[in-house]
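full-length UniProt numbering puts the first residue of the sequence shown at 1, with every later residue one more than the last. Backbone N, C-alpha and C define an ideal beta-carbon position, used for all residues, glycine too. Below is one structure, written out as structure tokens, with a few remarks after it.
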Amino acid sequence: MSLTGEPESLGDICVHYCLANLGTFCVLDGAGVPLAIKTDICIPSEYSDKLLNWSNERGYADGPFVRVFSDPQQTRLRHVHLHGNEKINNQVLSALREHHLVELDLSCCPNINADCLQHLHQSKHTLLALNISGNASFPWPHQDIRLDLPRLRVLNIGNLHGLPLTSLESLARSLSNLTSLDVSGLHVDDLSFLEPLKHQLSSLVLYNCSLKDQAYQMIMSMKALRHLDMSVLPERKTPGKSHLLSKLVASLPALTSLDISGTSLGDVDSDSGSDDMSDTDSGVQVRRSQDGGGVRSTIAGLRGLRQKLDFLGLVETGAAGAEHIPAHRVAGHMTEQQVLTALQVYLDRSQMLAKCLTALFELLQAVDLEDPLQFVHLVTMVMRRHPKDPNIQVAGSAALYHLTKGWGKTSDFIKLRRVTIQALTSGMEHHPKELTMQRNGCLTLCNFRIPEDLEFEYQRVAKVLLRIFSNFRNEEFIQRIAVYLCNIIVCQLSGEQKELVGRIGVVETMLKLIHERLNSKTCNEVMEIAWSTLWNITDETPQNCQMFIDGSGMDLFLSCLETFPDKQELHRNMLGLMGNVAEVKFLRPRLMQERYVTVFNSLLESESDGIEVSYNSCGVLSHMMSDGADCWTVSQPCRQQVLERMVQAIERWDIATKRNINYRSFEPILKLLSDHDTPQVQHWAVWALTNLTRVYPDKYVQLLRDEGGITLLEAILNNPQPYPPVKQLVNMVLATCHQYEQQELENNGRAENN
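Below, the structure written as structure tokens:
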């Protein structure tokens, strides 16, 4: 991934699109399940690999999807990575049997066993790397294990429990070209099974292995080793092993990479009295080789190195803080570069990663990082690799919170933003009842540009947020953040998108939040924002307005008005919502009840939040009046009296009032301009247009033009029914628009002259 803001390649964009729209390359059944690749499609190897591997990262690679890759003439697979896939089994993997694979990763796939390897027949002479680690229930059918893969060079069988020594010996004898072996977590007394491989292995990983002294003798005999990993989790550290390090170094002339994280091998105070030590000017002891070479090392056991190592792992060892470490790259927990390297090399070791993330968090508290973007990239990789590990998800999200501060003020590195949001959302999905994870996730999402950065994943984010309200009913802090995020996300969605989030439960959930706080007579930020969310999600969305009505929303409206008569922000949000409901013609009969109309009528005189409550009440009544006198079915208040009070309210408002409102369309208002039978309705509509175009001409003059409002306003001037104040306002609107148009022409003329 580019961290410099460079766009994705066209090929990668196509892969993302195809995965989001399987019908582009697959034949689908009625339920949208892929059945096969379309007959006229042949996908190159590079993109076949990406389609399968990226789908696995997203959790989409189930049985039906994997099976569509069965024909190598259409989808030629080479490098297959199905790490952590719980949806595949031996039968599913049989779909890959005709491919000539070069690399296959089946690590941590709990539903496969050793029988799946029989499907590698066609890959016998092509497979170079195989990873079946982390499959605890991977019983071999017999002790005489042989892999008929003569070209295999890299094998990872780490954490395959229950492999007897005889099986390992048989396996080793069958792999004549093997150069890299990972047997992490091995439970055997010694390493004698490596005898057939000791002259050919260049890489040996013994992470978390319980090694006895005789095992070290075998390691020392492996003269071709370039990389040796003997790291352990700190809690498994065996003291008193520091004397072995110098012997290992002396015995392995080709060694360039060494990992002793968590061990006692790197103690800095051992071997200090050796005869072949000499003091340097700084007091650091250096072991001299016969030709006078040597390295400066605070770690006693590494003073025998002829030159610095390319890599040295020192996480959770005292040596990580040593002054002189003889390696070009160091994985540790003390410095930014050490932690960066550790996150890179321990991607598959969840327990070690958790310690590295803790070290990163501590660094973030203490210093400003030189390369924060690289850390964001690595932390998101770690979180995606271990979605079910709560420790990693909590620690990773905490680090991301600090790493993404300030991202709301810039639009840089779009791809990295999206990957980060996806990693956070995935973590929240996998750990819905982990309060710290949910809190960290919400706080980190607040660091982004909202709603812009979240639009591409709005549905997943909305579902995650809704789950918070049911799982943490008594946690006011996280509910406040979650409802804030819900509100700001739905604010900018299109009508179709609002309908979708309405269907997944936003309207219902907001009503529940309001009901709970009403029962406790608590009007707090959560209640106010819940009403604001309902206001936004019902804007020009009849379906959601109906859901509000059907969910007893009007009863909550009346109860909140009665219980909290002095809460201006609450009243403004509720009346804004009422305006949206009143715009829906088929719902207006349900508002035509005496208890509702009486409230709207009384609120015409409200001065709550400036003119907003009065303005919105008048808007609700205007829409109800526009249906005609026959639809006014309540006896009290009288229709004529309400019309008179509407005019009184309108004439009381200051036409220059600044507004806390946002119209994306004037369509509902423009419909009222044609109601020549009820000029009071026109009065409210024209006042609204006059106010908005006068106070915010840059935004609303063009909107009025684009939606045909000028023609409708001119029609009012030519009609005898509207009374003079209405026509005066119309002339004001037209004058404002004309003046704005002239100003635009002048500005354009000056720009051309310059």
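Review point. Do Asn159 and Ser192 have their C-beta atoms closer together than 8 Å?
Key: Working through the sequence shown from its first residue, we reach residue 159 at position 159. Working through the sequence shown from its first residue, we reach residue 192 at position 192. Result no, Cβ atoms of Asn159 and Ser192 do not sit closer than 8 Å.
**Study point:** Exposure label - Asp453; buried when at least 16 CB within 10 Å
**Key:** Position 453 of the sequence shown holds residue 453. By the neighbour-count rule (16 or more Cβ atoms within 10 Å), Asp453 is buried.
Exercise for review: Give a yes or no on whether the C-beta atoms belonging to Glu667 and Glu607 are separated by under 8 Å.
Suggested key: Locating residue 667 in the sequence shown gives position 667, where the first residue counts as 1. Locating residue 607 in the sequence shown gives position 607, where the first residue counts as 1. No; because the gap between Cβ atoms is not below 8 Å, this pair is not in contact.
**Study point:** Rounded C-alpha distance that separates Ile260 from Tyr346
**Key:** Position 260 of the sequence shown, counted from the first residue, corresponds to residue 260. Position 346 of the sequence shown, counted from the first residue, corresponds to residue 346. Looking at the two C-alpha atoms, the distance is approximately 13 Å.
Review point. With 16 other CB atoms within 10 Å as the buried threshold, where does Ser270 fall?
Key: Against the sequence shown, residue 270 aligns to sequence position 270. With a pLDDT of 45 at Ser270, under the threshold of 50, the modelled position of this residue cannot be trusted, and the question is left open.
Exercise for review: Kindly indicate which three-state DSSP category Asp105 falls into: helix, strand or coil?
Suggested key: Locating residue 105 in the sequence shown gives position 105, where the first residue counts as 1. Here Asp105 sits in strand by DSSP.
Review point. Is there contact here, the segment 400-415 with the segment 26-34, by at least three beta-carbon pairs under 8 Å?
Key: no
Point to revise | Exposed unless 16 or more other CB atoms sit within 10 angstroms - verdict on Pro326 | key: Within the sequence shown, the letter at position 326 stands for residue 326. Buried, because 16 or more other Cβ atoms sit within 10 Å of the Cβ of Pro326.
Check your understanding: Buried or exposed: Phe548, going by 16 or more other Cβ atoms within 10 Å of its Cβ?
Key -> As a first step, residue 548 must be located in the sequence shown, where it is residue number 548. The residue is buried, with at least 16 neighbouring Cβ atoms inside 10 Å.
Practice item. Using the Cα positions of Leu197 and Leu168, report the straight-line distance between them to the nearest angstrom. Key: Taking the sequence shown and counting its residues from 1, one reaches residue 197 at position 197. Taking the sequence shown and counting its residues from 1, one reaches residue 168 at position 168. If I take the Cα positions, the gap works out to 11 Å.
Exercise for review: Return the CA-CA distance between Arg467 and Leu360, expressed in angstroms with no decimal places.
Suggested key: Working through the sequence shown from its first residue, we reach residue 467 at position 467. Working through the sequence shown from its first residue, we reach residue 360 at position 360. For Arg467 and Leu360, the distance between alpha carbons rounds to 29 Å.
Exercise for review: Quick one: residues in its chain with C-beta nearer than 6 Å to the C-beta of Leu312, no 5 flanking neighbours on either side, listed in chain order?
Suggested key: On the sequence shown, residue 312 is found 312 positions in, with the first residue counted as 1. For Leu312, where only same-chain residues beyond five positions count, the Cβ hits under 6 Å are Leu258, Ala327, Val330.
**Study point:** CB contact flag (Gly408, Phe448, <8 Å)
**Key:** If you number the sequence shown from 1, residue 408 lands on position 408. If you number the sequence shown from 1, residue 448 lands on position 448. Yes.
Check your understanding: Straight-line CA distance for Gln344 to Leu357?
Key -> Working through the sequence shown from its first residue, we reach residue 344 at position 344. Working through the sequence shown from its first residue, we reach residue 357 at position 357. Taking the straight line joining both Cα atoms gives about 12 Å.
Review point. How do the segment 91-101 and the segment 69-77 stand: do at least 3 beta-carbon pairs fall below 8 Å, yes or no?
Key: yes
Check your understanding: Hey, how far is the Cα of Val376 from the Cα of Leu672?
Key -> What you label residue 376 is simply residue 376 of the sequence shown in a count that begins at 1. What you label residue 672 is simply residue 672 of the sequence shown in a count that begins at 1. Their Cα atoms are separated by approximately 52 Å.
Practice item. Assess, as a yes-or-no matter, whether the segment 653-666 is touched by the segment 689-702 under the definition of 3 or more beta carbon pairs within less than 8 Å. Key: yes
Check your understanding: How big is the Cα-Cα spacing for Leu147 and Ser297?
Key -> Numbered from its first residue, the sequence shown carries residue 147 at position 147. Numbered from its first residue, the sequence shown carries residue 297 at position 297. Straight-line Cα distance between these residues: approximately 43 Å.
Check your understanding: The beta strand (DSSP E) with Arg329 in it runs from where to where?
Key -> By one-based count along the sequence shown, residue 329 stands at place 329. First-last of the beta strand (DSSP E) with Arg329: 327-331.
Check your understanding: For the 8 Å Cβ check, are there 3 or more pairs between the segment 589-600 and the segment 620-633?
Key -> yes
Exercise for review: Can you tell me the Cβ-Cβ gap for Ala530 and Met554, rounded? I've got them flagged as a contact below 8 Å.
Suggested key: Taking the sequence shown and counting its residues from 1, the one referred to as residue 530 is at position 530. Taking the sequence shown and counting its residues from 1, the one referred to as residue 554 is at position 554. Not a contact, Cβ separation roughly 15 Å.
Practice item. Might you give, ordered along the chain, the residues of its own chain that have their beta carbon closer than 6 Å to the beta carbon of Ser282, omitting 5 neighbours on each side? Key: The sequence position of residue 282 within the sequence shown is 282, counting from 1. With a pLDDT of 33 at Ser282, under the threshold of 50, the modelled position of that residue is not reliable, and the figure given next carries that caveat. Result list for Ser282: empty, nothing under 6 Å.
Check your understanding: Would a C-beta distance cut-off of 8 Å place Val483 and Thr538 closer than the cut-off?
Key -> In the sequence shown, counting from the first residue as 1, residue 483 sits at position 483. In the sequence shown, counting from the first residue as 1, residue 538 sits at position 538. The answer is no: Cβ separation not under 8 Å.
Review point. Is it buried or exposed for Thr533, if we count other Cβ within 10 angstroms and need 16 for buried?
Key: As a position in the sequence shown, residue 533 is number 533, starting the count at 1. Under this definition Thr533 is a buried residue.
Practice item. Give me the Cα-Cα distance between Pro722 and Gln641, rounded to the nearest whole angstrom. Key: Locating residue 722 in the sequence shown gives position 722, where the first residue counts as 1. Locating residue 641 in the sequence shown gives position 641, where the first residue counts as 1. The alpha-carbon atoms of Pro722 and Gln641 are separated by roughly 18 Å.
Check your understanding: What is the rounded straight-line gap between the Cα of Glu525 and the Cα of Gln438?
Key -> For the purposes of this step, residue 525 is identified with residue 525 of the sequence shown, where counting begins at 1. For the purposes of this step, residue 438 is identified with residue 438 of the sequence shown, where counting begins at 1. Using only the alpha carbons, I get a separation of about 19 Å.
Point to revise | Contact set for Trp632: own chain, Cβ-Cβ below 8 Å, skip 5 residues either direction | key: By one-based count along the sequence shown, residue 632 stands at place 632. Closer than 8 Å at the Cβ level, and outside the excluded window around Trp632, lie Met592, Met624, Met625, Arg639.
Check your understanding: Based on Cα-Cα distance, which residue from Glu195, Ile112, Met334, Thr444 lies nearest to Thr420?
Key -> Locating residue 420 in the sequence shown gives position 420, counting from the first residue. Cα-wise, what sits closest to Thr420 is Thr444.
Review point. Just reading off the beta strand (DSSP E) that Phe586 is part of, what are its end residues?
Key: Along the sequence shown, one-based indexing puts residue 586 at 586. Here Phe586 belongs to no beta strand (DSSP E), and DSSP marks it neither H nor E.
Review point. Helix, strand or coil: how does DSSP classify Pro72 here?
Key: Taking the first residue of the sequence shown as 1, we reach residue 72 at position 72. DSSP places Pro72 in coil when its eight states are reduced to three.
Check your understanding: Quick one: Cα of Asp291 to Cα of Gly321, how far?
Key -> The residue you call residue 291 lines up with position 291 of the sequence shown. The residue you call residue 321 lines up with position 321 of the sequence shown. Note that Asp291 scores 42 on pLDDT, short of 50, meaning its location in the model is unreliable and no value can be drawn from it.
Practice item. Go through its chain and collect everything with a Cβ distance to His676's Cβ below 6 Å, but skip five positions before and after it. Key: In the sequence shown, counting from the first residue as 1, residue 676 sits at position 676. Contacts found: Asn719, Gln721.
Check your understanding: Going by DSSP, what residues sit across from Asp259 in a beta bridge?
Key -> For this step, residue 259 is matched to residue 259 along the sequence shown. Answer is Asp229, Gly313, bridged to Asp259.
Point to revise | C-alpha gap between Gln546 and Val584, whole angstroms | key: Mapped onto the sequence shown, residue 546 falls at position 546. Mapped onto the sequence shown, residue 584 falls at position 584. Approximately 9 Å between the Cα atoms of the pair.
Check your understanding: Leu465: which of Gln497, Ser494, Phe456, Val501 sits nearest, CA to CA?
Key -> Counted from its first residue, the sequence shown places residue 465 at position 465. Leu465 has its Cα closest to that of Val501, out of Gln497, Ser494, Phe456, Val501.
Review point. Between Gly301 and Leu314, is the Cβ-Cβ spacing less than 8 Å?
Key: Here residue 301 corresponds to residue number 301 of the sequence shown, with the count starting at 1. Here residue 314 corresponds to residue number 314 of the sequence shown, with the count starting at 1. No; because the gap between Cβ atoms is not below 8 Å, this pair is not in contact.
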